[in-house]
Amino acid sequence: MKALSLYGVDDLRLVDMPKPEPGDGEVLLKIKACGICGSDIPRVFTKGTYHFPTVIGHEFAGEIVEAEDKSIIGRGASVFPLLPCGTCDACHSGHYAQCSHYDYYGSRRDGGMAEYLAVKRENLVLMPEGVSYEAAAMSEPASVALHAFKKAELKRDDTIVIFGVGPIGLIAANWAREAGAAHIIMVARSQAKKEFAERLGFVDTVDSNETDVSDFVRRRTRGNGADAAIEGTGTSECLEQALFCVRNFGRVVTMGNPLGDMQLSQQGYWQILRKELRLCGTWNSSFSSSENDWLEVMDAMKSHAVDLEALISHRFNLRDYEQAFCLMHEKLEPYCKVMFVMDD
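Sequential numbering from 1484 applies to the sequence shown in my numbering.
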């Protein structure tokens, strides 16, 4: 089979390799679609994976072609990419994202940028009729967005500010719209991203390079401030802006993964103290019997509550991987979700 394998930093190759054989508790998935996550860019060009070579890709969906349970052969599925150890305290409580010794498809073991992958049966999320493979491949970012959105504890007619107009920020905005938010204020860092969000119906989108975000939020909320904010960029500037944007007793969810140290001014820190803000972190998504963001996402796709395919701006075949990664790494043109769609 063909696969995109990382042999070292800045050494990504399309290679021929043996089709995997599913082991105990595994199924063989014929990959139909795999997204390129923003985290895949530093993984390929600067950070590397945990060992080399590694087939990358953790946002994927495909058709089950081999399984012990014959009833699921031919079904489509997305895959929760985290493989918990099952023995630590976090695993015992069902908080697998906090597992102390987890494995992960696409970074710690081979992932979905390949024609086939053997995956754990228990990590599958079966696709209902009417959900496309491309939409299902968006399950991972959609679940991450849902997990963060829940922590904002938004009520109907609340106002939320979302910093970052990438796929996860836009999906979080979709969840807010579905929840009946009065105002969904999106903060972009370029005119192109602002326009993309507006085309999706998010009219209260500002380019932070041109607009004072705090002033815009105050005007939209009659001086009160937003009820909640989600910081999705991982930058000190946007975190500080989020603290200034929310009202007294408001909520700030920190979701963006920083590339370096985060800094906060005295004035910014005072916002937390004086307004008695609730600052909450979020990591990955829930996938347990008590809470399963992935099943909620799949149900939302089935009912058309969210349109994830609208976020796919570019589609490539695996053989065009250099063009796809160059587009994102060099920022050759505006993009949202870049996805590999496999040939049949």
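From the three backbone atoms N, C-alpha and C, an ideal C-beta is built for every residue, glycine too.
All values derive from a computational prediction rather than experimental measurement.
Beta-carbon proximity list for residue i, same chain, < 8 Å, skipping 5 on both sides
i: Ala-1680; result: Val-1648, Leu-1653, Ala-1656, Met-1669, Ala-1671, Thr-1688
i: Ser-1771; result: Gly-1577, His-1578, Tyr-1579
i: Glu-1549; result: Pro-1505, Val-1510, Leu-1511, Ile-1556
Assigned exposure category for residue i - 16 Cβ within 10 Å defines buried
i: Phe-1732; result: exposed
i: Tyr-1599; result: buried
i: Lys-1820; result: buried
i: Asn-1692; result: exposed
i: Met-1745; result: exposed
i: His-1630; result: buried
i: Val-1686; result: exposed
i: Trp-1766; result: exposed
i: Asp-1523; result: buried
i: Asn-1800; result: exposed
i: Glu-1813; result: exposed
i: Thr-1537; result: buried
i: Arg-1702; result: exposed
i: Lys-1553; result: exposed
i: Gly-1715; result: buried
i: Gly-1518; result: buried
i: Leu-1742; result: exposed
i: Gly-1508; result: exposed
i: Glu-1661; result: exposed
i: Glu-1623; result: buried
i: Gln-1806; result: exposed
i: Arg-1734; result: buried
i: Gly-1545; result: buried
Residue of the options minimising C-alpha distance to residue i
i: Tyr-1533; options: Ala-1516, Val-1498, Gly-1589; result: Gly-1589
i: Gly-1540; options: Lys-1634, Met-1621, Gly-1663, Arg-1734; result: Met-1621
i: Asn-1828; options: Trp-1753, Phe-1646, Tyr-1818, Leu-1810; result: Since the first residue shown for the chain is 1484 and the last is 1827, residue 1828 is missing from the structure and cannot be characterised.
i: Ala-1560; options: Tyr-1752, Ile-1547, Val-1696; result: Ile-1547
i: Ala-1601; options: Asp-1494, Val-1735, Lys-1502; result: Lys-1502
i: Val-1644; options: Lys-1603, Asp-1593, Thr-1704; result: Thr-1704
i: Phe-1535; options: His-1797, His-1787, Gly-1545, Asp-1493; result: Asp-1493
i: Cys-1571; options: Pro-1564, Gln-1581, Arg-1802, Val-1562; result: Gln-1581
i: Tyr-1752; options: Ala-1516, Met-1500, Gln-1724; result: Gln-1724
i: Ser-1615; options: Cys-1809, Ile-1667, Ser-1786, Asn-1800; result: Ser-1786
i: Met-1738; options: Gln-1749, Leu-1747, Leu-1762; result: Leu-1762
i: Asp-1593; options: Leu-1489, Lys-1513, Val-1696, Gly-1684; result: Leu-1489
i: Leu-1794; options: Glu-1774, Ala-1807, Met-1822; result: Met-1822
i: Val-1498; options: Arg-1802, Gly-1531, Asp-1826; result: Arg-1802
i: His-1584; options: Gly-1764, Leu-1566, Ala-1597; result: Leu-1566
i: Gly-1663; options: Gly-1531, Arg-1526, Ala-1788, Leu-1487; result: Ala-1788
i: Gly-1684; options: Asp-1790, Cys-1568, Glu-1551; result: Asp-1790
i: Gln-1750; options: Leu-1722, Gly-1743, Gly-1706, Cys-1568; result: Leu-1722
i: Cys-1809; options: Asp-1695, Val-1824, Pro-1525; result: Pro-1525
i: His-1797; options: Val-1824, Gln-1754, Gly-1491; result: Val-1824
i: Arg-1531; options: Gly-1491, Glu-1805, Glu-1605; result: The question names Arg, yet the displayed sequence has Gly at residue 1531. The residue with the shortest Cα to Cα distance from Gly-1531 is Gly-1491.
i: Glu-1678; options: Tyr-1818, Gly-1508, Ala-1659, Asp-1507; result: Tyr-1818
i: Lys-1515; options: Arg-1558, Thr-1529, Phe-1528; result: Arg-1558
i: Ala-1619; options: Tyr-1804, Ser-1748, Phe-1563; result: Phe-1563
i: Arg-1604; options: Glu-1551, Thr-1694, Tyr-1587; result: Glu-1551
i: Met-1484; options: Gly-1595, Cys-1520, Asp-1695, Arg-1591; result: Gly-1595
i: Asn-1606; options: Phe-1543, Asn-1707, Ser-1748; result: Phe-1543
i: Met-1500; options: Ala-1597, Thr-1529, Met-1811; result: Ala-1597
i: Glu-1792; options: Glu-1617, Ala-1486, Lys-1513, Thr-1529; result: Glu-1617
Same chain, Cβ closer than 6 Å to residue i, neighbours up to 5 away in sequence not counted
i: Glu-1816; result: none
i: Ala-1665; result: Asp-1640, Thr-1642
i: Ser-1719; result: Met-1745, Gln-1746
i: Ala-1445; result: A question about residue 1445 goes unanswered here, because the residues of the chain that appear run from 1484 up to 1827.
i: Asp-1690; result: Ala-1671, Gln-1674, Lys-1677
i: Ser-1773; result: Gly-1577
Close Cβ partners of residue i (< 7 Å) along its chain, the five nearest in sequence each way excluded
i: Ser-1626; result: Ser-1768, Asp-1776, Trp-1777, Val-1780
i: Cys-1574; result: Pro-1567, Cys-1568, Cys-1582
i: Gly-1717; result: Gly-1739, Asn-1740, Pro-1741, Leu-1742
i: Arg-1496; result: Ser-1488, Tyr-1490
i: Asp-1586; result: Leu-1566, Arg-1592
The region 1712-1732 in contact with the region 1752-1770 per 3-pair CB rule at 8 Å: Here the region 1712-1732 makes contact with the region 1752-1770; the two share three or more CB pairs at distances below 8 Å.
Any 3 or more C-beta pairs closer than 8 Å across the region 1779-1786 and the region 1599-1612: With the cut-off at 8 Å, the region 1779-1786 and the region 1599-1612 touch.
Those runs of the alpha helix (DSSP H) which lie wholly inside the region 1608-1646 and span at least 4 residues: Annotation: the region 1608-1646 contains the following complete segments of the alpha helix (DSSP H) (minimum length 4 residues), in chain order: 1616-1619, 1622-1635.
Segment contact, 8 Å Cβ cut-off, at least three pairs: the region 1633-1645 with the region 1694-1712: With the cut-off at 8 Å, the region 1633-1645 and the region 1694-1712 touch.
Completely contained beta strand (DSSP E) runs for the region 1678-1703, where each covers 3 or more residues: Counting whole runs of 3 or more residues, the region 1678-1703 contains the beta strand (DSSP E) stretches 1688-1690.
Length at least 3, wholly inside the region 1523-1557: the beta strand (DSSP E) runs in chain order: Here the runs fully enclosed are 1542-1549.
Secondary structure, alpha helix (DSSP H): runs of 4+ residues fully inside the region 1723-1757: Those alpha helix (DSSP H) runs which fall completely within the region 1723-1757 and span 4+ residues are 1749-1757.
Runs of alpha helix (DSSP H) wholly within the region 1764-1805 (minimum 4 residues, chain order): Listed in chain order, they are 1776-1785.
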